[in-house]
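Q:
Chains as they are written, first to last, in my numbering: chain W, 1 to 169; chain V, 170 to 338.
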């Protein structure tokens with residue numbers, strides 16, 4: 001990093017690091033699990049690991065339209081992992097399909113984030129009107145990315161409860 | 170918020186909002202629980218709610234020295250909630266003591282955060298030397314606060330698994 005970066009460029013750098021930190025540990029954890037291990041529940045009667053992984057991926061996929069980066073890559077994940085609770089959806093991705101979707105979503109998201117100038121980071125997200133945004137300028141992309149980053153951490157904290165004993169992270 | 174705020178001031182505003190969002194939901198959740206409910210485990214044989222609450226509070230207390238805001242307010246919490254696992258510490262706060270410590274820590278932290286200029290947000294944290302910081306300028310207060318914010322969310326995601334059915338959040 002150049003020492004002459006501006007304050008806002010340094011804050012963006014911190015934000016991208018925080019995002020990658022969570023995305024990387026989630027990636028490492030779930031990719032280390034077998035399809036059988038992904039069927040494990042985080043606690044008796046609660047979500048399975050595969051559902052949590054899919055939920056994180058599907059919510060992240062929603063960032064493309066919300067941040068003006070294009071349509072969702074896998075809109076069918078909504079009914080599998082967001083609008084339906086675990087075990088309710090008729091069709092669900094296999095571990096392999098989910099792995100590919102997760103990777104694709106995260107690579108493309110990071111490429112999108114990395115291309116924004118500071119001013120572009122502070123543009124409104126697409127769920128707020130121009131008029132509301134004038135009154136509430138915090139409803140911008142930067143705020144959304146911070147919020148989705150804590151969403152990842154929230155569910156990763158749950159997933160880790162079902163970590164196999166022999167898995168080293 | 171004034172529309173003429175600088176980019177870095179707007180990013181700080183987003184960061185403070187993200188922090189308060191997590192601190193507030195943690196505050197609301199744990200304060201709604203009785204001492205008996207705080208004894209509940211998040212899953213069979215795992216941490217109790219009171220331990221998770223104390224752990225979040227104790228780790229946040231560590232931000233005072235790390236961010237150059239002064240000494241820890243409750244250094245005795247380290248052995249209760251960080252260095253020892255749940256049920257191992259000989260002495261542990263009551264629910265009432267923990268509630269007071271948590272509130273005190275968070276109010277004082279937010280007051281500290283709110284007083285920094287953008288340049289002060291980007292100063293090094295106290296666990297990195299001036300020399301290392303020249304090479305790794307991302308090891309600053311802003312990065313630390315983002316990281317601790319995801320730490321709060323990570324454990325709150327676990328705590329919510331033991332939410333009493335009749336508790337409305």
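Cβ atoms here follow ideal geometry from the backbone N, Cα and C, with glycine treated the same way.
Give the DSSP-derived three-state secondary structure of residue 8 (chain W) in the structure shown.
A: It is helical.
Q: Between residue 13 (chain W) and chain V, is any beta-carbon pair separated by less than 8 Å?
A: Cβ-Cβ to chain V under 8 Å: yes for residue 13 (chain W).
Q: Near residue 12 (chain W), which residues of its chain fall below 7 Å by C-beta distance, leaving aside the five closest residues on each side in sequence?
A: Correct list, in chain order: 118, 121.
Q: Just mark residue 14 (chain W) as buried or exposed, buried being the case when its beta carbon has 16 or more other beta carbons within 10 Å.
A: Per the 10 Å Cβ criterion, buried.
Q: Secondary structure at residue 293 (chain V), three-state DSSP: helix, strand or coil?
A: Reduced to three states, the DSSP call for residue 293 (chain V) is strand.
Q: Would you tell me roughly how many angstroms separate the C-alpha atoms of residue 52 (chain W) and residue 159 (chain W), rounded to the nearest one?
A: So the two alpha carbons sit approximately 7 Å from each other.
Q: Please name the residue in V:259, V:177, V:271 whose C-alpha comes closest to that of residue 227 (chain V).
A: Nearest of V:259, V:177, V:271 to residue 227 (chain V), Cα basis: V:271.
Q: Quick test of the definition: if touching needs 3 or more C-beta pairs under 8 Å, does the region 329-337 of chain V touch the region 206-216 of chain V?
A: Result yes; three or more Cβ-Cβ pairs closer than 8 Å.
Q: Where does residue 318 (chain V) fall in DSSP's three states?
A: If DSSP states are grouped into helix, strand and coil, residue 318 (chain V) belongs with the helices.
Q: Please check the pair residue 73 (chain W) and residue 108 (chain W), which I expect to be a contact at CB under 8 Å, by giving their CB distance rounded to whole angstroms.
A: Sure, about 7 Å apart at Cβ, within 8 Å.
Q: Just the chain W side, please: which residues come within less than 8 Å of residue 326 (chain V) by C-beta, in chain order?
A: Chain W residues near residue 326 (chain V): 153, 154, 155, 156, 157, 158.
Q: How should residue 54 (chain W) be labelled, buried or exposed, when 16 other C-beta atoms within 10 angstroms of its C-beta is the threshold for buried?
A: Residue 54 (chain W) should be labelled buried.
Q: Ignore the nearest five residues each way along the sequence and tell me which others in residue 167 (chain W)'s own chain have a CB closer than 6 Å to its CB.
A: Excluding sequence neighbours, residue 167 (chain W) sits near 32.
Q: With DSSP collapsed to three states, give me the class of residue 215 (chain V).
A: Residue 215 (chain V): coil per DSSP, three-state reduction.
Q: Give me the Cα-Cα distance between residue 130 (chain W) and residue 283 (chain V), rounded to the nearest whole angstrom.
A: Those two C-alpha atoms are separated by around 28 Å.
Q: Hey, is the region 317-325 of chain V in contact with the region 182-196 of chain V, meaning 3+ C-beta pairs nearer than 8 Å?
A: At 8 Å Cβ cutoff, the stretches touch.
Q: Can you tell me whether residue 317 (chain V) is buried or exposed? The criterion is at least 16 other CB atoms within 10 Å of its CB, across all chains shown.
A: Buried, since its Cβ has 16 or more Cβ neighbours within 10 Å.
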